[in-house]
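Q: Pasting a structure here, questions to come.
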DNA sequence: TGAATACGCTGTGTATACAATATCGCAGGA
DNA sequence: TCCTGCGATATTGTATACACAGCGTATTCA
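Chains as they are written, first to last, in our numbering: chain A, 1 to 250; chain B, 251 to 500.
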């Protein structure tokens, strides 16, 4: 134990998990690289048990992959893996929107969504949008998606959506940031906001099919834009999560 | 250590996980019941570290729930949780079928699916179906769904479908067994088989939307039948997985 | 007699020691 | 020179010990 000071305010497992995730997302650990427990113990300061725990959790999140002979490696993603993940989440959110519409949502429950919508409207009034406003947009957008998911009132579905969003590039914030690299960024944000407006309207009028369709379109748009952004890799370093893309895209 | 003989042929973690899952699914552990590590150590014969590992994995599978103050409890499911889980998997499989259709599948890749289909046809020729044949049907059906999922060639999607099928009542075998309790069981199996036939046809003709629609319908049918089966709880003990349903369905 | 405090026990989180296995390198023989 | 086998080393899997926290109970004081 010696002089290693232990921070008791937060569990060692969580601490190790966060530290490891940072290392992966920041690119300190390259995709495909094997990650050894001992090495992780040194860099995180926790001991082997919590580190192992953290590694297992990160595997579940999808950031790591178990090596059959033992140990873990940083997972590498192809461009298609990423677009599939986004479309996957869109499909799940579509189902959530349909559940919300079919099961009925009170005006009171819809209130936070509408507030979110209005706040984003306010932000988008700026042309061009400032860096600060964009950052607020990312937060509000994530909040909107989370609230929408909750409306489904289906714990199994919510759980699954959370898992699908665990990969940084598949999270609402992730793909908004990817799109921001495009010159048409502002236009894209405005279209996205239009989708948000439509889905609320569809849920209010209990039109399940329409609510579902618009969320899927929302995701498909994101996929198209991500492809564009990857073509002209200009400001792509904006999105550290993309460090996970394997260099040799197949 | 003393006289505890250790089985080295399979990892202790896996052994503990299987033993615990058996206990949960067999109903030895009631839903909502707290499960203590020490108790699990005694019943599984493994030591605390692998047991903890197994508990974490079972939590990820969705069978257990972490208690904030520490420890785990057996998760309880409402009837709606179960039908949502089935519909969720249907939606995911629909996406897989669409991917398969849109991305194209060679005749060679479709071969195993068709063999599966033919084998099931053979089984269904018996009227009424024997217990043995039914058991073969369950296996073949699971195989069909797994093969179909593979055809999507989308690792993220396959991964998600696997997770969605982890809960026993959400797996292909699970809901087939639930439906078997109904008097119209034979008829239901025949309709299901028709769905299988259509999805292969749609994939062959690259009709993504049709392939997707039929898989969703497939799941919706299962949900309807599950509801029926739960109404007249006659042979419901056929499905041990349903031990997880909380007694007071909300 | 009731309430409050203290003590003890059960159980989890963490650390570390030990055992088993896989991989890599080196040496010897074909 | 290449292949194979054996050994050493490194790393994971497993077991257990220790510490701290939460909770229940019992005892004492008002």
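Think of the CB as a built atom: it goes at the ideal place given N, C-alpha and C, for glycine as much as any other residue.
In chain order, what residues of the same chain lie with their CB nearer than 6 Å to the CB of residue 344/B, ignoring the 5 residues before and after it?
A: The residue labelled residue 344/B in the question sits at position 94 within the second chain. 462, 465 and 466, listed in sequence order.
Q: Comparing C-alpha positions only, which one of 82/A, 80/A and 34/A sits nearest to residue 68/A?
A: Stepping through the first chain from its first residue, residue 68/A is reached at position 68. Comparing Cα positions, the closest option is 34/A.
Q: Would DSSP call residue 324/B helix, strand or coil?
A: Locating residue 324/B in the second chain gives position 74, counting from the first residue. Three-state DSSP puts residue 324/B in a strand.
Q: In the segment 47 to 72 of chain A, which residues sit with their C-beta less than 9 Å from some C-beta in chain B, listed in chain order?
A: Legend: CB atoms of the segment 47 to 72 of chain A lying less than 9 Å from CB atoms of chain B belong to residues 49, 52, 53, 56, 57, 60 and 62.
Q: Who are the neighbours of residue 452/B on chain A, taking C-beta pairs under 8 Å?
A: Walking along the second chain from the start, residue 452/B turns up at place 202. Residues of chain A passing the Cβ test: none, with the nearest at roughly 18 Å.
Q: Assuming residue 417/B contacts residue 282/B under a Cβ cut-off of 8 Å, what Cβ separation, rounded to an integer in Å, is found between them?
A: Translated into positions along the second chain, residue 417/B becomes position 167. Translated into positions along the second chain, residue 282/B becomes position 32. A Cβ-Cβ distance of about 16 Å is found for the pair residue 417/B and residue 282/B, leaving them out of contact under the 8 Å criterion.
Q: What does residue 118/A pair with, by DSSP beta-bridge criteria?
A: As a working mapping, residue 118/A is identified with position 118 in the first chain. Beta-bridge pairing links residue 118/A to no other residue.
Q: Nearest CA to the CA of residue 415/B: which residue from 298/B, 384/B and 335/B?
A: The count along the second chain starts at 1 and reaches residue 415/B at position 165. When only C-alpha atoms are compared, the closest one is 335/B.
Q: Give the DSSP-derived three-state secondary structure of residue 284/B in the structure shown.
A: Looking up residue 284/B in the second chain gives position 34. Residue 284/B: strand per DSSP, three-state reduction.
Q: What three-state label does DSSP hand residue 459/B in the structure shown?
A: Taking the second chain and counting its residues from 1, the one referred to as residue 459/B is at position 209. Correct three-state label for residue 459/B: helix.
Q: Helix, strand or coil, according to DSSP, for residue 314/B in the structure here?
A: Indexing the second chain from 1 puts residue 314/B at position 64. If DSSP states are grouped into helix, strand and coil, residue 314/B belongs with the strands.
Q: Please list the residues of the segment 394 to 407 of chain B that have a C-beta atom closer than 8 Å to any C-beta atom in chain A, keeping them in chain order.
A: 404, 405, 406 and 407
Q: Against residue 12/A, what residues of chain B qualify as contacts under a CB-to-CB distance less than 9 Å, listed in chain order?
A: The residue you call residue 12/A lines up with position 12 of the first chain. None at all; the shortest Cβ gap to chain B is about 14 Å.
Q: Is it the case that the segment 117 to 135 of chain A contacts the segment 146 to 163 of chain A, given that we only count it when at least three CB pairs across the two stretches are under 8 Å?
A: no
Q: Below 8 Å on the Cβ atoms is my contact criterion, and I expect residue 88/A with residue 407/B to pass it. Report the Cβ-Cβ distance as a whole number of Å.
A: Within the first chain, residue 88/A is the residue found at index 88, counting from 1. Within the second chain, residue 407/B is the residue found at index 157, counting from 1. Right, their Cβ atoms sit about 6 Å apart.
Q: Residue 83/A: buried (16+ other C-beta within 10 angstroms of its C-beta) or exposed?
A: The residue you call residue 83/A lines up with position 83 of the first chain. By the 10 Å Cβ count, residue 83/A comes out buried.
Q: Could you give the DSSP three-state label for residue 354/B: helix, strand or coil?
A: Walking along the second chain from the start, residue 354/B turns up at place 104. In the three-state DSSP reduction, residue 354/B falls in the coil class, being neither helix nor strand.
Q: Would residue 127/A pass as a contact of residue 186/A if the rule is Cβ separation under 8 Å?
A: Stepping through the first chain from its first residue, residue 127/A is reached at position 127. Stepping through the first chain from its first residue, residue 186/A is reached at position 186. For residue 127/A and residue 186/A, yes; Cβs fall inside 8 Å.
Q: Hey, would you say residue 20/A sits closer than 8 Å to residue 40/A, going by beta carbons?
A: Within the first chain, numbered from 1, the residue matching residue 20/A stands at position 20. Within the first chain, numbered from 1, the residue matching residue 40/A stands at position 40. In contact: residue 20/A and residue 40/A (Cβ atoms closer than 8 Å).
Q: Residues in its own chain within less than 6 Å of residue 172/A by CB, not counting five upstream and five downstream?
A: If you number the first chain from 1, residue 172/A lands on position 172. Same-chain partners within the cutoff: 141, 142 and 145.
Q: How big is the Cα-Cα spacing for residue 66/A and residue 130/A?
A: Your numbering for residue 66/A matches position 66 in the first chain. Your numbering for residue 130/A matches position 130 in the first chain. Taking the straight line joining both Cα atoms gives about 42 Å.
Q: For residue 418/B, does the three-state DSSP call read helix, strand or coil?
A: If you number the second chain from 1, residue 418/B lands on position 168. Correct three-state label for residue 418/B: helix.
Q: State the DSSP-derived secondary structure class of residue 192/A, mapped to helix, strand or coil.
A: Taking the first residue of the first chain as position 1, residue 192/A is located at position 192. Helix at residue 192/A.
Q: What's the C-alpha gap between residue 221/A and residue 199/A?
A: Within the first chain, numbered from 1, the residue matching residue 221/A stands at position 221. Within the first chain, numbered from 1, the residue matching residue 199/A stands at position 199. Cα to Cα, residue 221/A sits roughly 15 Å from residue 199/A.
Q: When the distance is taken between beta carbons, is residue 310/B closer than 8 Å to residue 301/B?
A: As a first step, residue 301/B is located in the second chain; it is residue number 51 there, counting from the start. As a first step, residue 310/B is located in the second chain; it is residue number 60 there, counting from the start. Not in contact: residue 301/B and residue 310/B (Cβ atoms no closer than 8 Å).
Q: For residue 47/A, which residues in the same chain have their Cβ closer than 7 Å to its Cβ, ignoring the five residues on either side in sequence?
A: As a first step, residue 47/A must be located in the first chain, where it is residue number 47. Excluding sequence neighbours, residue 47/A sits near 41.
Q: Leaving aside the five residues before and after residue 58/A along the sequence, list all residues of the same chain whose C-beta is less than 7 Å from its C-beta, in chain order.
A: Position 58 of the first chain, counted from the first residue, corresponds to residue 58/A. Excluding positions up to five away in sequence, the list reads 17, 20, 21 and 64.
Q: Determine, using beta carbons only, whether residue 335/B comes closer than 8 Å to chain A.
A: As a position in the second chain, residue 335/B is number 85, starting the count at 1. Taking Cβ atoms only, chain A reaches closer than 8 Å to residue 335/B, which makes this a yes.
Q: To the nearest whole angstrom, what separates the beta carbons of residue 208/A and residue 102/A, a pair I think is in contact under 8 Å?
A: Counting from one through the first chain, the residue named residue 208/A turns up at place 208. Counting from one through the first chain, the residue named residue 102/A turns up at place 102. Indeed, because the Cβ distance is near 4 Å, the residues count as touching under 8 Å.
Q: Could you work out which residues of chain A lie near residue 338/B, taking near to mean beta carbons separated by less than 9 Å?
A: The residue you call residue 338/B lines up with position 88 of the second chain. Within chain A, the residues near residue 338/B are 92, 95, 154, 156, 157 and 160.
Q: So is residue 460/B in contact with chain A if we call contact Cβ pairs under 8 Å?
A: On the second chain, residue 460/B is found 210 positions in, with the first residue counted as 1. Not one chain A Cβ lies under 8 Å of residue 460/B.
Q: Given a limit of 7 Å on CB to CB distance, which residues of the segment 14 to 37 of chain A reach chain B?
A: none
Q: Closest to residue 433/B by C-alpha separation, out of 480/B, 411/B, 356/B and 409/B, would be which residue?
A: Here the question's residue 433/B lines up with position 183 in the second chain. The shortest C-alpha separation from residue 433/B is found at 480/B.
Q: I think residue 452/B touches residue 460/B, with their Cβ atoms under 8 Å apart; what is that distance to the nearest whole Å?
A: In the second chain, the residue the question calls residue 452/B occupies position 202. In the second chain, the residue the question calls residue 460/B occupies position 210. Yes, residue 452/B and residue 460/B are in contact; Cβ-Cβ is about 4 Å, under 8 Å.
Q: Return no unless some Cβ of chain B is closer than 8 Å to the Cβ of residue 163/A.
A: As a working note, residue 163/A is residue 163 in the first chain. Residue 163/A counts as touching chain B.
Q: For the alpha helix (DSSP H) holding residue 129/A, just list the boundary residues, first then last.
A: Here the question's residue 129/A lines up with position 129 in the first chain. In the DSSP annotation of this structure, residue 129/A is not part of any alpha helix (DSSP H), being labelled neither H nor E.
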